[in-house]
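Residue numbers (this note's numbering), protein chains in the order written: chain A, 19 to 476; chain B, 19 to 476.
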């Protein structure tokens, strides 16, 4: 039988002030960015070292007490909710850069550092860490949820950029996966098994990340399109031609309207692509020229090219503020963001059908997409205490997921499963979910690692 | 107790002529590209479909009979040797291209197709599959061993280019992993767990591969260097600057001498980089110019640039023939190729120390490297029936592996573990090998899947 109280008493003896049961702290770690009720843990631990994480897990393991890792709480499917109580392990104190290797293009970091903090630390090296999910998430959280984002079309996703991990297992053992070499065929790929495992297989305590050289030149562009398909088809052509575009973001008319209002812009309220090019001075100019030609072939127009840093910053600042801009359109509502990913040739259809479904129910929902990856997000804006609205949001999400599967895609491109997408995981993977459950049991026989997420094992 | 004879009798009833126990067939499937004695299976099955693979595995599962998948037998660490007997499953009949999706840049193939056959089939589409390990291996074998090769510095390794799999599990269940979408965060990454699992967790029956657009322009170059370090440092600089070089191969003086003799070339017998650039016409010219400047900064010279297809082909044909060219230098010997991978800043040291070790024992061993990845190969040429020579080759290999680990690298960048590197896997991963064994037990509780490879479970 789980004995969380006994585990917490032992932890308190080890950690002192760094084990909190203060209601405000518990409440904060029970929050989520979606529609679930606040679900506080029984206690929150603040370890300083891997050895302490191991000690915490050993004690919790002994007493059958759940452990839930916590970064900054930006996950979107209830990943970090302690739905069976237990101890949340907040990584805020484990936020150091342990090593930067400029020649080998890697950095070793602790999980609590955010991607913006990391890039600030890297600035003087001429290197950067490119994965950008929008939110200023922690690297640990981005690793655990298999995040990606706007630059993935060029630099890859977390799975491509995590080289090695240190992980505390369910019984407190500490293992190292991967190496500092760029590639390895040495045994089962534990690194990529832990990436996206959402704290259910182990607790990530150190991450070795690929770094990239800051490009010599960066330029940005926006282009208008008459419809979804013309924007998406332009991207398909660019991808087929291998154009080295670093970001290609679709922004729908409704989002443009919100951005205009929120960021004091004056873009035409139609379909847009926001693009960024990285390379040499001549390279980015050539890429932009080609992209302009492609866009115009597909009916695009109003191509604007920005080489000045402040113009670029303004554009991407607007894109990153899309969530807040849209929420500002409907004050007092909650915003629920969901994501799916489909083969790019099906993307326009998936987005158009989703919008048609939303509008058929009298709603509006802005849509943005990492088009180069076939990944898009819909933001539902409603009052989550209104049961009818919540039910409709869930129905629309369900159909969006099933539509993605019918088109050969996946129910999540980058947000992960958490608790919100568990039933869709079964729809997507069928028998393979039983194999995932076997893995869960092999790694966590007593079921203490963030239980009730990704797969049910009982 | 395993009852291989009973399994084979039942298989014979199902498969008829497509289950062979002919000595010549058994001998062929007992061969290997390294120093192990011929180790034939008890029978060889030639399935036509996934359903047949499932049926074969179910029968073998019932009788505890090992099953070993087989592509074309190019693996280098004894991966496909049936060391505990059983049934080899030869995928030669399962060699079809099932689907090519030009807009979505993927192809679905059966495991028995070779990479050259696939690229021949793709030729008219303007697309290609870039991973090139040298040997004309099957896609199934390349997936199972987590192969990479000369183009990995630009296009990635198998792990980056396999999107989805169909796999037959140890009890005959058929699962599908991944999707046709470019990315997914939907549950544990089973795809990348099977990539590199060498037939020990399941039998891969279908592979969805990323394709790439054939570049508009391709050019090649060679450059001479006074020593290992100057060649490697040029590559480090190119990688740091993000130069889009598609291949960057180090070839040592001894290999150059062999290539000159074998391919009737007249290169200076010193350290070389062989390079290839993919992009637009102006892009490849710019990249080559920059690469020339970098190489000269590090003491390189004699930079020769080839835009004509026949000159390029000659160059890469020579590189691909390096193995045979070197064997031709010592007629009558066996060639044993081994690989390790280190952080690129340690590569020159690793290669120089290895050569010094080899020469200190009165041997010579050519060395070639996928420098951009920090991966290099040494070819030991000796008579494998000579016990003293075999022992020395094993000792030199052992020190090469331990040296890679001391430098932060891995004991195999692309060849895999098989039986040859199992003890080094333990040296590299320690406690994590026990986790790999847990995975093996979870997937294959009766131990029939290519037993005795990667990890020992007893």
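Each residue gets a CB set at the ideal place from its N, CA and C atoms; glycine is no exception.
Rounded to whole angstroms, what is the Cα-Cα separation between residue i and residue j?
{"i": "residue 184(B)", "j": "residue 359(A)", "result": "20 Å"}
{"i": "residue 153(B)", "j": "residue 36(A)", "result": "57 Å"}
{"i": "residue 119(A)", "j": "residue 125(A)", "result": "6 Å"}
{"i": "residue 195(A)", "j": "residue 450(B)", "result": "7 Å"}
{"i": "residue 340(B)", "j": "residue 246(B)", "result": "18 Å"}
{"i": "residue 181(A)", "j": "residue 290(B)", "result": "29 Å"}
{"i": "residue 207(B)", "j": "residue 283(B)", "result": "47 Å"}
{"i": "residue 403(B)", "j": "residue 295(A)", "result": "58 Å"}
{"i": "residue 364(B)", "j": "residue 308(B)", "result": "24 Å"}
{"i": "residue 130(A)", "j": "residue 111(A)", "result": "7 Å"}
{"i": "residue 342(A)", "j": "residue 369(A)", "result": "21 Å"}
{"i": "residue 405(A)", "j": "residue 51(A)", "result": "18 Å"}
{"i": "residue 108(B)", "j": "residue 189(B)", "result": "19 Å"}
{"i": "residue 468(A)", "j": "residue 421(A)", "result": "29 Å"}
{"i": "residue 413(A)", "j": "residue 471(A)", "result": "21 Å"}
{"i": "residue 335(B)", "j": "residue 428(A)", "result": "41 Å"}
{"i": "residue 298(A)", "j": "residue 262(A)", "result": "11 Å"}
{"i": "residue 135(A)", "j": "residue 151(A)", "result": "14 Å"}
{"i": "residue 380(B)", "j": "residue 401(B)", "result": "15 Å"}
{"i": "residue 478(A)", "j": "residue 38(A)", "result": "Lying before the first or after the last residue shown, residue 478(A) is absent from chain A, which here runs from 19 to 476."}
{"i": "residue 242(A)", "j": "residue 318(A)", "result": "5 Å"}
{"i": "residue 464(A)", "j": "residue 225(A)", "result": "26 Å"}
{"i": "residue 462(A)", "j": "residue 220(A)", "result": "8 Å"}
{"i": "residue 74(B)", "j": "residue 29(B)", "result": "7 Å"}
Can you tell which of the options has the C-alpha that lies nearest to the C-alpha of residue i?
{"i": "residue 167(A)", "options": "469(A), 390(A), 427(A), 415(A)", "result": "390(A)"}
{"i": "residue 438(B)", "options": "24(B), 78(B), 93(B)", "result": "93(B)"}
{"i": "residue 83(A)", "options": "458(A), 131(A), 24(A)", "result": "24(A)"}
{"i": "residue 346(B)", "options": "275(B), 388(B), 103(B), 271(B)", "result": "275(B)"}
{"i": "residue 264(B)", "options": "293(B), 161(B), 273(B)", "result": "293(B)"}
{"i": "residue 300(B)", "options": "237(B), 205(B), 425(B)", "result": "237(B)"}
{"i": "residue 430(A)", "options": "209(B), 385(B), 202(B)", "result": "202(B)"}
{"i": "residue 159(A)", "options": "440(A), 174(A), 127(A)", "result": "127(A)"}
{"i": "residue 86(B)", "options": "318(B), 216(B), 243(B), 447(B)", "result": "216(B)"}
{"i": "residue 66(A)", "options": "38(A), 44(A), 33(A)", "result": "33(A)"}
{"i": "residue 228(B)", "options": "77(B), 435(B), 121(B), 81(B)", "result": "121(B)"}
{"i": "residue 331(B)", "options": "354(B), 60(B), 281(B)", "result": "281(B)"}
{"i": "residue 323(B)", "options": "174(B), 317(B), 211(B), 305(B)", "result": "305(B)"}
{"i": "residue 260(B)", "options": "222(A), 47(A), 397(A), 235(A)", "result": "235(A)"}
{"i": "residue 392(A)", "options": "371(A), 303(A), 445(A), 254(A)", "result": "254(A)"}
{"i": "residue 103(A)", "options": "22(A), 316(A), 319(A)", "result": "22(A)"}
{"i": "residue 155(A)", "options": "204(A), 210(A), 90(A)", "result": "90(A)"}
{"i": "residue 354(A)", "options": "56(A), 95(A), 77(A)", "result": "95(A)"}
Does DSSP classify residue i as helix, strand or coil?
{"i": "residue 21(A)", "result": "coil"}
{"i": "residue 305(B)", "result": "helix"}
{"i": "residue 40(A)", "result": "coil"}
{"i": "residue 360(B)", "result": "coil"}
{"i": "residue 259(B)", "result": "coil"}
{"i": "residue 113(A)", "result": "coil"}
{"i": "residue 341(A)", "result": "helix"}
{"i": "residue 56(B)", "result": "coil"}
{"i": "residue 241(A)", "result": "strand"}
Applying the 10 Å Cβ sphere with the 16-neighbour rule, what's the burial state of residue i?
{"i": "residue 64(B)", "result": "buried"}
{"i": "residue 117(B)", "result": "exposed"}
{"i": "residue 432(B)", "result": "buried"}
{"i": "residue 31(B)", "result": "exposed"}
{"i": "residue 100(B)", "result": "buried"}
{"i": "residue 144(B)", "result": "exposed"}
{"i": "residue 70(A)", "result": "buried"}
{"i": "residue 474(A)", "result": "exposed"}
{"i": "residue 42(A)", "result": "exposed"}
{"i": "residue 133(B)", "result": "buried"}
{"i": "residue 409(A)", "result": "exposed"}
Could you tell me how far apart the beta carbons of residue i and residue j are, in whole angstroms, since I believe they sit closer than 8 Å?
{"i": "residue 218(B)", "j": "residue 458(B)", "result": "6 Å"}
{"i": "residue 388(A)", "j": "residue 267(A)", "result": "6 Å"}
{"i": "residue 344(B)", "j": "residue 384(B)", "result": "5 Å"}
Taking 8 Å as the cut-off, does the CB of residue i come closer than this to any heavy atom belonging to the ligand MG?
{"i": "residue 278(A)", "result": "The ligand MG is not among the ligands present in this structure, which contains no ligands whatsoever."}
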